[in-house]
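Participant: Going by my numbering, the first residue of the sequence shown is number 13, and it counts up by one from there.
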Amino acid sequence: MRTRVGIVGGGPAGLLLSHLLHGRGIESVVLEARSRKDLESEIRAGVLEHGTAELLIETGVGDRMQREGAVHHGVKLQFDGRRERIDLEELTGKTITLYGQHEVVKDLVGARLDAGGEILFEAKGIEPLDLESGEPKVRFVRDGEEQELRCDFVVGTDGFHGVTRKALPEGARAEYERRYPFGWFGILVEGPPSTEELIYALHDRGFALVSTRSPQIQRLYFQCDPGDEAGSWSDDRIWTEMHARLDTDDGWTVNEGKIIQKNVVQMRSFVCEPMRHGRLFLAGDAAHIVPPTGAKGMNLAVADVRVLSRGLAGFYESGDTNGLDRYSATCLRRVWKASRFSWWMTSMLHRFDGDNAFQYRMQVAELDYVAGSRAASTSLAENYVGLPMAPELEASAEERTAQGAS
Ligand code: PHB
C-alpha cells in the first residue's frame, strides 16, 4: 500500500490533518489502533479556542458544532468565598465554544469517510521504519495480516503513550517534564447545568471545576490524589466534596444529578524537542502534554496540524521545503507558551502538598489581582481564547508579500 502522508493515530490531530490535506488535494492514510466505536466514545476535554472553532467552520466540519456546541463569552474564577467573572469577549473580542473532543472526532471521521478517505481502524503493532530515508514506511498488523504502508512522510499523532515519539533516536530528542502531585477526579452528570459559564475554583480543600457538555449533561472535576481510582469514590462522597468546594454563601449550590461516568485524569506537562526527525513529524499529544487546567490539549494539536498541512502543501505544490523545515520551531514557540499558561493556571488553582497558609494567601492574592486588574485579566483571557495559531508563519507570509510587492 502506498500513500503520500502516512498518519499514525486517529485522534483529533491525525484526523484533522488528513482532512486539511484532502482539502489541498494531498492523499493520506490514517492508521488507528482502536475500533471506531472506542475512538468515538473516549471522553476528553471540551473547550475549543476561538481559532479552533473557526478552522473547523472554514474547512467544512463545523456544522454540528455550530448547532450543538455552546458559545461562551466569559469564565468565572472562584476563591476566598467570592466569584469573579473574566469577560473573554470584552477583553479580547473572542469567545470559546464548549463541544466535546469526541464530538469533534465523530465529525472528522464522518467527513473523511464521506470523502472516500482511508482510516484503517484496529491497526495493531504499528512500527514506523526508514524515517531517515526518502521512502519511510509504517508496518502494522490488521485482520491478522502484516501490512506495510509506504509513504513520503510519516506523521505521529498517536498520543503521549504512542510509538512514534520513541522512533526519534534518543540522542536526537530532548524531553522536558513536570509531573503534578495530584490528579483530577472527573464526573459526567445527567441533569441541568449548575451555571451558564465555567467556574474554576480554588478552595482550601483543593481545586474544583464546573463545566458542561450539553444542556442535559454537566462535566465536573475536583482535585484528588493521583493514586485515586474512579471506583474508590462513592457518589455520596463525591457530592459532599463538590458542595464543600463549590457552594457559596449566597445560596448557590452545585446541582446534583445522576453520575453516569467517573474517571481520574493524571496531570503532567511534557514537551519533546524537536517535533521532527528526518521524514517523521510529531503533532499533538505525541509531542507534548499539558495539564487540563487551561483546556489547551486539543487546541495545541489543531495548531500543530494546521502548520504542518501548510508545510506539506508548500512541498507538494512547489517543492518548497521551508514550511517543513520550520515546522518544529514554529510549533514549539506556541507549545511552550501554552505550557506556561497551563502550568500557571494549575499552580494558581491547586493545593500542593506541603503548602502552608502563606502560600494559600499568595494564591488568593494572585486570583484577586487577576480578577481585578484589566491588564492581568486580559493576559488570562488572551491565552484562554487562544494565542495566534502561528504568528511567525503569518509574519513571514506578510514579509514575503511585502518583498514581492517592493
Ligand atoms: C471540560 O469540560 O472537560 C473541561 C473544561 C475546562 C478545562 C478542562 C476540561 O480547563
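All residues carry an ideal CB built from backbone N, CA and C; glycine is no exception.
Just how far apart, CA to CA, sit residue 70 and residue 193?
Facilitator: The residue you call residue 70 lines up with position 58 of the sequence shown. The residue you call residue 193 lines up with position 181 of the sequence shown. Cα-Cα distance, rounded: 40 Å.
Participant: Quickly, what does DSSP pair residue 289 with across the bridge? List them, please.
Facilitator: Indexing the sequence shown from 1 puts residue 289 at position 277. According to DSSP, residue 289 bridges with 292.
Participant: Express the C-alpha separation of residue 19 and residue 152 in angstroms, rounding to a whole number.
Facilitator: Along the sequence shown, read from residue 1 onward, the residue named residue 152 stands at position 140. Along the sequence shown, read from residue 1 onward, the residue named residue 19 stands at position 7. CA-CA distance, residue 152 to residue 19, rounds to 12 Å.
Participant: Curious, which full-length alpha helix (DSSP H) runs of at least 4 residues does the region 113–200 contain?
Facilitator: 113–126
Participant: Under the three-state reduction of DSSP, which class applies to residue 275: helix, strand or coil?
Facilitator: On the sequence shown, position 263 is the one that residue 275 refers to. Residue state, collapsed to three classes: strand.
Participant: Using a Cβ-Cβ cut-off of 7 Å (strictly less than) and excluding sequence neighbours within five positions of residue 417, which residues of its own chain qualify?
Facilitator: Sequence index remark: in the sequence shown, residue 417 carries index 405 (1-based). Confidence at residue 417 is low in this model, with a pLDDT of 39, below 50, so its placement is unreliable and no value can be given for it.
Participant: Quick one: what's got a C-beta closer than 6 Å to residue 116's C-beta in the same chain, skipping five residues either side?
Facilitator: As a position in the sequence shown, residue 116 is number 104, starting the count at 1. Contacts found: 24.
Participant: Nearest-angstrom Cα distance between residue 353 and residue 306?
Facilitator: For the purposes of this step, residue 353 is taken as the residue at position 341 of the sequence shown. For the purposes of this step, residue 306 is taken as the residue at position 294 of the sequence shown. When rounded, the distance between both Cα atoms is 7 Å.
Participant: Report whether the distance from the Cβ of residue 218 to the nearest heavy atom of ligand 1 is below 7 Å.
Facilitator: Here residue 218 refers to the residue found at position 206 when the sequence shown is read from its first residue. Incorrect: residue 218 has no Cβ contact closer than 7 Å to ligand 1.
Participant: Leaving out the 5 sequence neighbours to the left and right, which residues in its chain are closer than 6 Å to residue 415 when beta-carbon positions are compared?
Facilitator: Position 403 of the sequence shown, counted from the first residue, corresponds to residue 415. Residue confidence for residue 415 is low, a pLDDT of 43 falling below 50, so the modelled location carries little weight and cannot support an answer.
Participant: Is the separation between the beta-carbon of residue 288 and that of residue 163 shorter than 8 Å?
Facilitator: If you number the sequence shown from 1, residue 288 lands on position 276. If you number the sequence shown from 1, residue 163 lands on position 151. It is not a contact, given that the beta carbons lie outside the stated cut-off.
Participant: Can you round the beta-carbon distance between residue 97 and residue 106 to whole angstroms, since I take them to be within the 8 Å contact cut?
Facilitator: Numbered from its first residue, the sequence shown carries residue 97 at position 85. Numbered from its first residue, the sequence shown carries residue 106 at position 94. Not confirmed; about 16 Å, so no contact.
Participant: Would you be able to state if there are at least three C-beta pairs under 8 Å between the region 257–269 and the region 198–212?
Facilitator: yes
Participant: Between which residues of its own chain and residue 411 is the CB-CB distance below 6 Å, once the five residues before and five after are set aside?
Facilitator: Reading the sequence shown from its first residue, position 399 is the one you call residue 411. With a pLDDT of only 49 at residue 411, under the threshold of 50, the placement of this residue in the model should not be trusted; the figure read from the coordinates follows. For residue 411, where only same-chain residues beyond five positions count, there are no Cβ hits under 6 Å.
Participant: Ignore the nearest five residues each way along the sequence and tell me which others in residue 186's own chain have a CB closer than 7 Å to its CB.
Facilitator: As a first step, residue 186 must be located in the sequence shown, where it is residue number 174. Result list for residue 186: 285, in chain order.
Participant: In terms of alpha-carbon separation, which member of 235, 137, 223 and 36 lies closest to residue 156?
Facilitator: In the sequence shown, the residue the question calls residue 156 occupies position 144. Ranking 235, 137, 223 and 36 by Cα distance to residue 156 puts 137 first.
Participant: Quick check on the burial criterion: 16 or more other C-beta atoms within 10 angstroms. Buried or exposed for residue 32?
Facilitator: Reading the sequence shown from its first residue, position 20 is the one you call residue 32. Buried, because 16 or more other Cβ atoms sit within 10 Å of the Cβ of residue 32.
Participant: Cα-Cα, which of 113, 344, 49 and 290 is closest to residue 143?
Facilitator: On the sequence shown, position 131 is the one that residue 143 refers to. Closest by alpha carbon: 290.
Participant: Span of the beta strand (DSSP E) holding residue 212?
Facilitator: On the sequence shown, residue 212 is found 200 positions in, with the first residue counted as 1. Residue 212 -> beta strand (DSSP E) spans 211–215.
Participant: Could you tell me if residue 350 is buried or exposed, where buried requires 16 or more neighbouring beta carbons within 10 angstroms of its beta carbon?
Facilitator: The residue you call residue 350 lines up with position 338 of the sequence shown. With 16 or more Cβ atoms within 10 Å of its Cβ, residue 350 is classed as buried.
Participant: Identify which residue in 273, 228 and 217 has its Cα closest to the Cα of residue 4.
Facilitator: Outside the shown range of the chain (13 to 418) lies residue 4, about which nothing can therefore be said.
Participant: What does a CB cutoff of less than 6 Å around residue 219 pick up in its chain, not counting 5 residues either side in sequence?
Facilitator: What you label residue 219 is simply residue 207 of the sequence shown in a count that begins at 1. Cβ neighbours of residue 219 beyond the five flanking positions: 235, 361 and 362.
Participant: Looking only at DSSP bridge pairs, what is residue 234 linked to?
Facilitator: Position 222 of the sequence shown, counting from 1, holds the residue named residue 234. Per DSSP, 197 and 220.
Participant: Examine ligand 1 and report whether any of its heavy atoms sits within less than 7 Å of the Cβ of residue 307.
Facilitator: On the sequence shown, position 295 is the one that residue 307 refers to. Yes, the Cβ of residue 307 comes within 7 Å of a heavy atom of ligand 1.
Participant: Compute the Euclidean distance between the alpha carbons of residue 372 and residue 356, then round it to the nearest angstrom.
Facilitator: By 1-based counting over the sequence shown, the position of residue 372 is 360. By 1-based counting over the sequence shown, the position of residue 356 is 344. Their Cα atoms are separated by approximately 15 Å.
Participant: Taking 8 Å as the threshold (C-beta atoms), are residue 29 and residue 317 in contact?
Facilitator: Taking the first residue of the sequence shown as 1, we reach residue 317 at position 305. Taking the first residue of the sequence shown as 1, we reach residue 29 at position 17. Going by beta carbons, residue 317 and residue 29 fall inside the 8 Å limit.
Participant: Is the separation between the beta-carbon of residue 238 and that of residue 195 shorter than 8 Å?
Facilitator: The count along the sequence shown starts at 1 and reaches residue 238 at position 226. The count along the sequence shown starts at 1 and reaches residue 195 at position 183. Contact: yes.
Participant: Measuring only the C-alpha atoms, how far is residue 64 from residue 393?
Facilitator: Taking the sequence shown and counting its residues from 1, the one referred to as residue 64 is at position 52. Taking the sequence shown and counting its residues from 1, the one referred to as residue 393 is at position 381. Approximately 16 Å, taken between the alpha carbons.
Participant: Give me the Cβ distance between residue 73 and residue 130, rounded to the nearest whole Å; I'm assuming they're in contact under 8 Å.
Facilitator: What you label residue 73 is simply residue 61 of the sequence shown in a count that begins at 1. What you label residue 130 is simply residue 118 of the sequence shown in a count that begins at 1. At roughly 17 Å, the Cβ-Cβ gap does not stay under 8 Å, so residue 73 and residue 130 are not in contact.
Participant: Which whole runs of the beta strand (DSSP E) in the region 21–104 are 3 residues long or more, in chain order?
Facilitator: 40–43, 82–84, 87–91 and 94–98
Participant: Sorry if obvious, but does the Cβ on residue 231 come closer than 7 Å to a heavy atom of ligand 1?
Facilitator: Here residue 231 is taken as the residue at index 219 of the sequence shown, counted from 1. Yes; taking the cut-off as 7 Å, the Cβ of residue 231 has a heavy atom of ligand 1 nearer than that.
Participant: Going along the chain, which residues of its own chain have a beta-carbon closer than 7 Å to the beta-carbon of residue 242, five neighbours each way excluded?
Facilitator: Locating residue 242 in the sequence shown gives position 230, counting from the first residue. Result list for residue 242: 274, 275 and 276, in chain order.
Participant: Just how far apart, CA to CA, sit residue 293 and residue 375?
Facilitator: Taking the first residue of the sequence shown as position 1, residue 293 is located at position 281. Taking the first residue of the sequence shown as position 1, residue 375 is located at position 363. Spanning the two alpha carbons is a distance of roughly 39 Å.
Participant: Three Cβ pairs or more, each shorter than 8 Å: is that satisfied between the region 328–345 and the region 44–56?
Facilitator: No: fewer than three Cβ pairs fall under 8 Å.
Participant: Whole-angstrom Cβ separation of residue 171 and residue 58, contact assumed at under 8 Å?
Facilitator: Along the sequence shown, read from residue 1 onward, the residue named residue 171 stands at position 159. Along the sequence shown, read from residue 1 onward, the residue named residue 58 stands at position 46. No, residue 171 and residue 58 are not in contact; Cβ-Cβ is about 18 Å, not under 8 Å.
Participant: Please state whether DSSP places residue 268 in a helix, a strand or coil.
Facilitator: If you number the sequence shown from 1, residue 268 lands on position 256. Residue 268 falls in the coil class under three-state DSSP.
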